[in-house]
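Residue numbers (this note's numbering): -1 to 449.
The C-beta atom is built at its ideal place from N, Cα and C for all residues, glycine as well.
For reference, the structure discussed in these notes is given below.
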Amino acid sequence: MVLKYAEDVSGTSPESSTVKATATALPLKTTAMQKRVLAGGSVGQFIEFYDFTLYGLTAVIFSQLFFPGGNPLTAMLATFATFGVAFVVRPLGGLFFGALGDRIGRRRVLTITLMAIGGATALMGLLPGYAQIGAWAPALLVLCRLIQGFSAGGASVGAPSFVFEHAPVNRRGFWLNITIAATALPSVVAGTMILVLSQSMPNEIFTAWGWRIPFLLALPLAMVGVWIRSRTEESEAFKEAQAGREKEFSPVREAFRENKLRMVQVIFVMGLTAMGFYFLSAYFVSYVQTTGHLSREQSLLVNAAALALYAVLLPIGGRLGDRFGRKPMLIAGSAVLAVLSVPSFMLVTSGNIGLALLGQSLFVVALCVYGGGCYTFFVEIFTTKTRFTSAAVSYNAAYAIFGGTAPFVGTALVGASGVPHMPGVYMAAAAAVVLLLVTLTKVPETRGRLG
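Dropping the structure here:
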């Protein structure tokens, strides 16, 4: 039986305690289909974010090959600006694929986005550089990033929504964070691959074509992901929501009519983790090289270790969120980020590989505490009928405003101030603002909701 749950804008309802009590009494045994969905969602997220994060890991090479030479800082800023354009179109992709997913299903949309992002990534591995085709090189690079960003706008929310709707109610946080943790592993795998390639061939050869190999692998990986997801089905909750819709149902209109306040809340809640994750996964490799003066190999090794730690700790954060609630984890995580960000960035730029690893590890711990609440909150706050659209628009807006700009802002802050740890000050200030918003405004507790 599907329980109907009426919610007001504050996130509470007269029957909320009844729903939570009923949720805890639901069967704990998981089915084979639920397990396939969890595996398919996680593997798909791994492949999609493998494609999306390769650019950040090779940012220094892109700055050398795809933009005019002369001023290294200007070339790096142009590289991170190109990184950011993918985030500009992510809300548009979220709006398009979110509405499509609420109409035709999560699984079909995930197939489309996976093939699109895989194809665009492989194409990046084939592009000639600035020396060969001049201004066409950065123009084509931007086009590929736009395709990646548009596709990621749907993929980044489709998989969590799909897994969420199949997950046991009392283990949603754990399951969602397993799926999200899979987005960190691509940086570990891709970073290790780049490290091995750069160590096994002369620098001239690696810079000329060796870096292209991880990009070209994206297309066959996408095909594997499509096959895995083809063995899953839509959830019963989605099927019932689809059957009960009016013929003139508009996911976009319904999302903005019902969820304006919640979407704004998600933008700020997810904006903080977007900033933190892209500092960690897309900025630190270049940051440690240019500001901390470690070698490319040392930077990749330290970042791979930090992201592996993130993949291990994030599901634990989700488990804690299942036990204590989403809001306590948001409060605790934003407070820890406000306190630890500056010392973490100071350690990252110390010039010592051990201290750089310690700094990134402290930052990871803080992000995983916060992630124990936010990654379930952003889909759990919405009902099944418009979940994909509402979550996709707000999530991708957060990542466009705060995540996609993080590497650029970090580079600009260091360049303008001459202070290596200024990005940490920026991160700490953002965490303090979110802490105040979560504690002083009507951000609801969503644990146990049945939409």
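So, is residue i buried or exposed, given that buried needs 16 or more other C-beta atoms within 10 angstroms?
i	result
SER228	exposed
ILE59	buried
GLN263	buried
GLN130	exposed
MET261	buried
ILE192	buried
PRO158	buried
ALA364	buried
PRO126	exposed
SER388	buried
PRO442	buried
LYS440	exposed
PRO218	exposed
THR437	exposed
LEU293	The sequence as given places Ser at residue 293; Leu does not occur at that position. It is exposed - the Cβ of SER293 has fewer than 16 other Cβ atoms within 10 Å.
ASN201	exposed
THR381	buried
ARG447	buried
SER284	buried
ALA428	buried
THR29	exposed
TRP209	buried
SER415	exposed
GLY132	exposed
ALA241	exposed
ALA206	exposed
LEU352	Note that residue 352 corresponds to Gly in the displayed sequence, not to Leu. It is exposed - the Cβ of GLY352 has fewer than 16 other Cβ atoms within 10 Å.
ASN69	exposed
As a quick exercise: from the options, pick the residue whose alpha carbon is nearest that of residue i.
i	options	result
ILE45	GLN32, THR409 and THR111	THR111
ILE211	GLY223, THR384, TYR285 and LEU195	LEU195
PHE95	ALA404, ALA114, GLN358 and PHE204	ALA114
GLY151	PHE162, ALA133, ILE102 and VAL83	VAL83
VAL250	ARG101, PRO200, ASN350 and LEU356	ARG101
GLU234	LYS383, LEU434 and ASP320	LYS383
LEU435	GLY99, VAL267 and ARG105	VAL267
GLY402	THR444, ARG88 and LEU36	ARG88
PHE204	THR77, PHE247 and GLU295	GLU295
ALA165	GLY103, GLN358 and ALA37	ALA37
GLY103	THR29, GLU163 and TYR48	GLU163
VAL286	GLY349, ALA306 and GLU231	GLY349
SER279	ALA30, ALA428, VAL35 and TYR48	TYR48
VAL167	THR409, GLY319 and LEU356	GLY319
LEU138	ARG106, THR77 and ARG105	THR77
MET74	ALA182, GLY416, ALA216 and THR288	THR288
PHE400	TRP134, MET31 and PHE85	PHE85
SER248	LEU98, ALA57, PRO136 and GLY208	LEU98
CYS142	THR409, ALA179 and THR80	THR80
TYR373	ALA179, LEU71 and VAL391	ALA179
ALA404	TYR424, ALA390 and SER415	TYR424
GLN445	VAL377, VAL417 and ALA410	With the sequence shown as reference, residue 445 is identified as Arg, and Gln is not the correct amino acid for it. Among VAL377, VAL417 and ALA410, the Cα nearest to that of ARG445 belongs to VAL377.
ALA153	ALA390, VAL35 and GLY408	ALA390
SER61	TYR276, VAL140 and GLY117	VAL140
Measuring from the CB of residue i, is there a heavy atom of the ligand MN at a distance below 7 Å?
i	result
MET327	In the structure on display, the ligand MN does not appear, and there are no ligands present to speak of.
Quick one: measure Cβ to Cβ for residue i and residue j, integer angstroms, because I've assumed they're closer than 8 Å.
i	j	result
MET420	VAL432	Contact flag wrong, Cβ pair sits at about 19 Å.
GLN146	PHE50	6 Å
GLY54	VAL155	In fact, because the Cβ distance is near 20 Å, the residues do not count as touching under 8 Å.
ALA426	SER339	4 Å
GLY39	ASN175	Not a contact, Cβ separation roughly 12 Å.
ALA336	ALA239	Between ALA239 and ALA336 the Cβ distance is about 39 Å, and since that is not below 8 Å, they are no contact.
LEU108	PHE160	7 Å
VAL346	ALA333	Actually they do not touch by this definition, with Cβ atoms about 21 Å apart.
TYR281	VAL362	Not confirmed; about 14 Å, so no contact.
VAL41	GLY331	That pair is no contact at about 27 Å.
THR177	GLN43	6 Å
PHE343	GLY323	Not quite, the Cβ-Cβ distance comes to about 30 Å (not below 8 Å), so this is no contact.
SER392	ALA304	Not quite, the Cβ-Cβ distance comes to about 28 Å (not below 8 Å), so this is no contact.
GLY290	ALA220	The pair is not a contact, with the Cβ atoms about 34 Å apart (cut-off 8 Å).
- prompt: What residue ranges within the region 364 to 418 form continuous alpha helix (DSSP H) runs of no fewer than 4 residues, ordered along the chain?
  reply: Complete alpha helix (DSSP H) runs here, min 4: 385 to 396 and 404 to 415.
- prompt: Using 8 Å as the Cβ pair cut-off and three pairs as the minimum, do the region 170 to 187 and the region 120 to 134 touch?
  reply: no
message: Within 8 Å, do at least three Cβ pairs link the region 385 to 398 to the region 266 to 282?
response: yes
task: May I ask you to verify whether the region 248 to 259 touches the region 303 to 313, counting CB pairs closer than 8 Å and requiring at least 3?
output: no
field: Sequence ranges, beta strand (DSSP E) only - wholly within the region 260 to 313, length at least 3
entry: none
task: Evaluate contact between the region 363 to 370 and the region 325 to 334, counting only Cβ atoms and requiring at least three cross-stretch pairs below 8 Å.
output: They touch, by the three-pair rule.
Any 3 or more C-beta pairs closer than 8 Å across the region 167 to 184 and the region 64 to 80: With the cut-off at 8 Å, the region 167 to 184 and the region 64 to 80 do not touch.
field: Residue ranges of each alpha helix (DSSP H) within the region 60 to 128, 4 or longer
entry: Counting whole runs of 4 or more residues, the region 60 to 128 contains the alpha helix (DSSP H) stretches 70 to 86, 88 to 102 and 104 to 122.
task: Would you mind listing the alpha helix (DSSP H) stretches within the region 157 to 199 that are 4+ residues and don't spill past its ends, in chain order?
output: 170 to 179 and 183 to 198
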